[in-house]
Each structure stands twice: as structure tokens, then as C-alpha cells.
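In the working numbering, the protein residues as written are 72 to 483.
For glycine and all other residues, C-beta sits at the position ideal for the given N, C-alpha and C.
Have a look at the structure below before the remarks.
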Ligand SMILES: C[S@@+](CC[C@H](N)C(=O)[O-])C[C@H]1O[C@@H](n2cnc3c(N)ncnc32)[C@H](O)[C@@H]1O
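Put into C-alpha cells, the structure is as follows:
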């Protein structure tokens, strides 16, 4: 049996599909398991306590590993749902809170099964019927409201119940996790009709969550809602080490991937909000972001690597109607990352070491060597000792590789 921390840490890649029979599910798989291992290894190198920053928090892997090894950790993310999740993941839960959450979970399930609360309204996720059958949605609406009733509207008990709720709702959904982006199983409608035994599933999920919560570290990291391109606004101290896995230039939308949780927990109210949040994120291209990218022009005030223009024109002139759009996508991605690296310098102590775990990508057979482009940006901004270390192949496409791009900030 996994603990919550193991489950959240050991998320496999999007290649593994949820198996309803065994109940094994990686839940929120933002970071492949091996990247988690790489992060752990990098952090283990520091014996004396250091101050570690992860500007792209995701589900909080770096911060959790840092505090587990006795370091101070601060992490930022632009996505409020992930900030909530990482805070819940890093919080310390007393025995009393865990017991209270177990009782509240049972009470919530009882209320939901008897339909003895005013149900929450159904989230306005596009084509919700593709995700959950009508009876399942009805149960989730009652359970959501019952969690607030029994666990309080906020606080640690509510957090723990809502993490279990997230696990349950994704298990009950028709979403398949065999692609990088969620897709739907083909025989959607009939695949999962509501089964009254799902109540037991929620309690199993809660037991699983509480089992992990009991082991949470006493030390807390600081998790901040903020933009990694503007760190100086959000951070008031300086750091010795950065370990992070930023978005890749591969069009993966975290908002799109996380939308079932974000809608049910009220972090997204409609498609427009979702698209706006995705546009704010580095590498976001979902919905409105696509049309904005068509008109997007480089600001011109960020340094971009000399080898980028040839990559961009290769993509723009590729044999594809979307070439110009994708070229803009890649250009904006590097402009955003350049802004981030530029700003990062102001929150680093002299001799700070930075590690970026990042993969390359391809657009219409044109290779975008993100690792080399990062190295060039870091060099331009005065970082030294720049190293690019291949970590592993990402999938069957042999040119797709993940790297650890590391460097030292000598101080200004
Ligand atoms: C590859 S994921 C990080 C995975 C993380 N290491 C983990 O353990 O889950 C990249 C993260 O960067 C966040 N992000 C994207 N743009 C951002 C920005 N401008 N500022 C801060 N975070 C951002 C995304 O929301 C996403 O959570």
C-alpha cells in the first residue's frame, strides 16, 4: 500500500492507465517518477542545511524532498490549485486532526449517500457527460457538499477530505491516462455507471490519504502563489540552491490536465478562466492562448539565444499550416524563460547552484534543443560552470531526452 506521499511522489508518466480493478493510480502525474528520483538525488548532495527554491512547484516534489532532508524550502507556482495541493501535501497534521478527518469523512459519506445536504452545483466543465455518468455526477455533487458540511468550509480536515475527493472523482471518471493529454475511453457512456459501492472507494481513498498525512514532516516549506518571471515581487529572501522542473516547450497544458480537479474544487468556473490561466503559464497554449499566440509579437526586451531564430524559422516554414503559430509558441516560451532567468539572479546568493530538469522537443521534425538554449541564456546572464547532463530518454522517440541543466550564479 502506498502512502499519500509515495503516491504523489512516485507518479509515473502519463503513459500509465488507471486500472479500476487494482485501484492503482498515479493520481496527479505532473512529474514522471524518474524526475522525482533525480530531484531527490540532487537534494541529497547537500549535507548542511541550505535554502532551496523551486520556482515551478507543480505538486511540490522539490519542496517536500527539501524539507524531508532538513533544508528550508520555498516554492512558487502560478496555478492556485497546485499551490493549495502543495500546501496540503507539506502541512503537518496532528493525530487529533487525522482522527477528526476520519470521522468527518464517514459523516460526509453518510450525508452524501442519504442525500441529506443541499448538493453542490455541477461544475461547468465542457461536455461533463463525457467525464462522469449522470448518477456519478449526482453522487459527487452530494459528496462535495457533504465534505464542506462535515469537514468545515476550510482548514486541514477539509483539505484532507478534498484530497480524497480528488482521488475518488478521477477514479470514477472516464478519462484515460494513456496519453500525455487526457483522452476519453472510446466506449465512454456505458463504461462506468454509478455503483453504490463507490462510497467504499471514497473511504479507501481517505484511509490512504490519512495514512500518508500522519507521516508528514514537522518542518514546513513555504508555498507561494506567484509568477516565476517575477520572483522578486514574491520572494523576500535569497537562495543557495534551485532545483526545478519547469514546463517544457511541448504544448502540454497543466490547466487542461488538471481541469477535473480544478473545476470540482472551484478553482475554475468556466472555460474562459481556464484559458486565461493557461495563457499566464509558461508554455500554455490552450483555448484563447492559441488565438493570442497568432497575434503575439516578441517584446524585444529579453535576450534570446543566437541559435533560436534558425529553429523558429525552421518551424515557421515547415510543411504545416500551423508552422507560424508553433514558431510563435516556441519564441514566447523562450522569451518567458529568459525573463525568468533574468529575474532569478536577484533572488540568488553568490555561489548559488541551479538545476533545471528539462526535456527537448520537436515541432514538425525540427528539434528544439531546450537544454542548449537554456545553457546559452544562463551564460548570457552571467552564470558560470554551465553543464548539460542527459538524464534519460523520454519515450520511444529517440531524440526526446531529458537533461539536468546546471550552473552557478557567481554573484553580481
Ligand atoms: C513540470 S511542472 C512542475 C512539476 C513539479 N516538479 C512537480 O513535482 O509536480 C511545471 C509547473 O510550472 C508551473 N508554471 C507554469 N508557468 C508558471 C509561471 N509563470 N510561474 C510559476 N509557475 C508556473 C505550472 O503550473 C506547473 O505546475
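Local Cβ density within 10 Å of residue i, reported as buried at 16 or more and exposed below that
{"i": "residue 340", "result": "exposed"}
{"i": "residue 475", "result": "buried"}
{"i": "residue 419", "result": "buried"}
{"i": "residue 289", "result": "exposed"}
{"i": "residue 483", "result": "exposed"}
{"i": "residue 119", "result": "exposed"}
{"i": "residue 112", "result": "exposed"}
{"i": "residue 465", "result": "buried"}
{"i": "residue 222", "result": "buried"}
{"i": "residue 258", "result": "The predicted model places residue 258 with a pLDDT of 43, which falls under 50 and marks its position as unreliable; any figure quoted below should be read in that light. Looking at its Cβ environment, which holds fewer than 16 other Cβ atoms inside 10 Å, residue 258 is exposed."}
{"i": "residue 436", "result": "exposed"}
{"i": "residue 239", "result": "buried"}
{"i": "residue 324", "result": "buried"}
Other residues of its chain near residue i: CB distance less than 8 Å, five sequence neighbours each side excluded
{"i": "residue 345", "result": "326, 327, 330, 333, 339, 357, 358"}
{"i": "residue 470", "result": "431, 433, 438"}
{"i": "residue 115", "result": "140"}
{"i": "residue 347", "result": "359"}
{"i": "residue 453", "result": "416, 480, 481, 483"}
{"i": "residue 413", "result": "373, 374, 452"}
{"i": "residue 363", "result": "350"}
Whole-angstrom distance between residue j and residue i, CA atom to CA atom
{"i": "residue 174", "j": "residue 237", "result": "18 Å"}
{"i": "residue 157", "j": "residue 129", "result": "8 Å"}
{"i": "residue 479", "j": "residue 142", "result": "19 Å"}
{"i": "residue 461", "j": "residue 391", "result": "30 Å"}
{"i": "residue 167", "j": "residue 284", "result": "12 Å"}
{"i": "residue 307", "j": "residue 201", "result": "45 Å"}
{"i": "residue 154", "j": "residue 295", "result": "7 Å"}
{"i": "residue 212", "j": "residue 192", "result": "6 Å"}
{"i": "residue 423", "j": "residue 151", "result": "28 Å"}
{"i": "residue 177", "j": "residue 477", "result": "48 Å"}
{"i": "residue 291", "j": "residue 394", "result": "45 Å"}
{"i": "residue 185", "j": "residue 302", "result": "48 Å"}
{"i": "residue 93", "j": "residue 131", "result": "Residue placement at residue 93 is poorly supported in this model, since its pLDDT is 29, which falls under 50; the coordinates still yield a value, given next. C-alpha separation (whole angstroms): 26 Å."}
{"i": "residue 379", "j": "residue 246", "result": "37 Å"}
{"i": "residue 322", "j": "residue 441", "result": "13 Å"}
{"i": "residue 242", "j": "residue 207", "result": "11 Å"}
{"i": "residue 182", "j": "residue 365", "result": "50 Å"}
Reduced DSSP secondary structure (H/G/I, E/B, other) of residue i
{"i": "residue 140", "result": "coil"}
{"i": "residue 366", "result": "helix"}
{"i": "residue 445", "result": "helix"}
{"i": "residue 356", "result": "coil"}
{"i": "residue 149", "result": "coil"}
{"i": "residue 169", "result": "helix"}
{"i": "residue 260", "result": "With a pLDDT of 40 at residue 260, under the threshold of 50, the predicted position of this residue should be treated as unreliable, and no value is reported."}
{"i": "residue 386", "result": "helix"}
{"i": "residue 127", "result": "coil"}
{"i": "residue 422", "result": "strand"}
{"i": "residue 224", "result": "coil"}
{"i": "residue 279", "result": "helix"}
{"i": "residue 430", "result": "strand"}
{"i": "residue 191", "result": "coil"}
{"i": "residue 231", "result": "helix"}
{"i": "residue 312", "result": "strand"}
{"i": "residue 296", "result": "strand"}
{"i": "residue 156", "result": "helix"}
{"i": "residue 440", "result": "coil"}
{"i": "residue 120", "result": "coil"}
{"i": "residue 377", "result": "coil"}
Any non-hydrogen atom of ligand 2 within 6 Å of residue i CB
{"i": "residue 129", "result": "As presented, the structure is devoid of ligand 2, carrying ligand 1 as its sole ligands."}
Check whether residue i and residue j have beta carbons under 7 Å apart
{"i": "residue 276", "j": "residue 235", "result": "yes"}
{"i": "residue 426", "j": "residue 314", "result": "yes"}
{"i": "residue 342", "j": "residue 197", "result": "yes"}
{"i": "residue 136", "j": "residue 110", "result": "yes"}
{"i": "residue 126", "j": "residue 299", "result": "yes"}
{"i": "residue 121", "j": "residue 311", "result": "yes"}
{"i": "residue 457", "j": "residue 449", "result": "yes"}
{"i": "residue 134", "j": "residue 230", "result": "no"}
{"i": "residue 188", "j": "residue 220", "result": "yes"}
{"i": "residue 406", "j": "residue 369", "result": "yes"}
{"i": "residue 281", "j": "residue 169", "result": "yes"}
{"i": "residue 107", "j": "residue 171", "result": "no"}
Closer than 7 Å to chain D by CB, residue i
{"i": "residue 159", "result": "Given the protein chain composition of this structure (a single chain), no chain D is represented."}
Beta-carbon proximity list for residue i, same chain, < 6 Å, skipping 5 on both sides
{"i": "residue 297", "result": "147, 305"}
{"i": "residue 318", "result": "353, 354"}
{"i": "residue 459", "result": "442, 446, 474, 476"}
{"i": "residue 384", "result": "none"}
{"i": "residue 260", "result": "Because the pLDDT at residue 260 is just 40, under 50, the model does not fix this residue reliably, and the point stays unresolved."}
Neighbourhood of residue i by C-beta distance below 7 Å, restricted to the same chain and skipping five residues each side
{"i": "residue 367", "result": "399, 403"}
{"i": "residue 320", "result": "354, 401, 404, 432, 439, 441"}
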